[in-house]
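Please read the structure below before turning to the comments.
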Amino acid sequence: MHAQRQVVDYSLQRRALLRDVYSGRTGTAEVCDASPYLLNAARFHGEATQRRCPICRRDNVRNVHYIFGDELKTSAGQARSLRELSLIASGYREFEVYAVEVCRGCGWNHLVFRFLLGKAHATGDPQASSRPNQLEEV
Ligand SMILES: [Zn+2]
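Numbering (our numbering), first residue to last: 5 to 142.
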């Protein structure tokens, strides 16, 4: 078990942005701007969630995990599935993971979590890991 450490939660920023969208201060075109690359990453590497898209409310959002870190070399910046993440975590000392939620229906996308993974953080204690996929519904 690889604990996710130093988790930074972006749900406040997400909520503030959604408030602006719901009140009309921010247009949906501005927030539903997922690139073709991001939509592809969501399709092939994204994790299904139980969270409805806050914009179109038709599809569930998918979490896409991007990995960053000097140790990763050419793999840095790539999208990885959760299963791949735990494999990678056993091979590197430390790297950063950015979790972006994406709606493949309307293109909504927002950073939801950032955390560190890697051998430097392996504790063997599942209670120590946080659960970004259990994000509350807004
Ligand atoms: Zn949507």
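By construction, the Cβ of each residue, glycine as well, lies at the ideal position given by its N, Cα and C atoms.
Please classify residue i as buried or exposed, where buried requires at least 16 neighbouring CB atoms within 10 angstroms.
i           : result
residue 99  : buried
residue 43  : buried
residue 27  : exposed
residue 122 : buried
Name, in chain order, the residues that DSSP records as bridge partners for residue i.
i           : result
residue 46  : None, per the DSSP bridge assignment.
residue 56  : 64
residue 106 : 66 and 113
residue 83  : 70
residue 24  : In DSSP, residue 24 forms no bridge with anything.
residue 9   : 120
Could you tell me the distance, in whole angstroms, from the CA atom of residue i to the CA atom of residue j?
i           : j           : result
residue 73  : residue 108 : 27 Å
residue 35  : residue 95  : 36 Å
residue 51  : residue 66  : 5 Å
residue 11  : residue 102 : 10 Å
residue 144 : residue 45  : Because residue 144 is not part of the residues shown, which for the chain are 5 to 142, the question remains open.
residue 25  : residue 33  : 10 Å
residue 82  : residue 16  : 26 Å
residue 47  : residue 29  : 30 Å
Please go through the same chain and pick out, in chain order, the residues whose beta-carbon is closer than 6 Å to the beta-carbon of residue i, but skip the five residues on each side of it.
i          : result
residue 14 : 115 and 116
residue 38 : 106, 111 and 113
residue 18 : 114
residue 86 : 51
So, at 7 Å on beta carbons, what are the nonlocal neighbours of residue i in its own chain, with the 5 sequence-adjacent residues on each side left out?
i          : result
residue 84 : 49, 69, 71 and 92
I want to see whether chain B comes within less than 9 Å of residue i, judged by CB atoms only; does it?
i           : result
residue 110 : Although the question refers to chain B, the structure presented lacks it and comprises just one protein chain.
> Mind listing, in chain order, the residues whose beta carbon lies closer than 5 Å to a non-hydrogen atom of ligand 1?
Replying inline: Every residue passing the under-5 Å Cβ criterion appears here: 57, 59, 60, 107, 109, 110 and 112.
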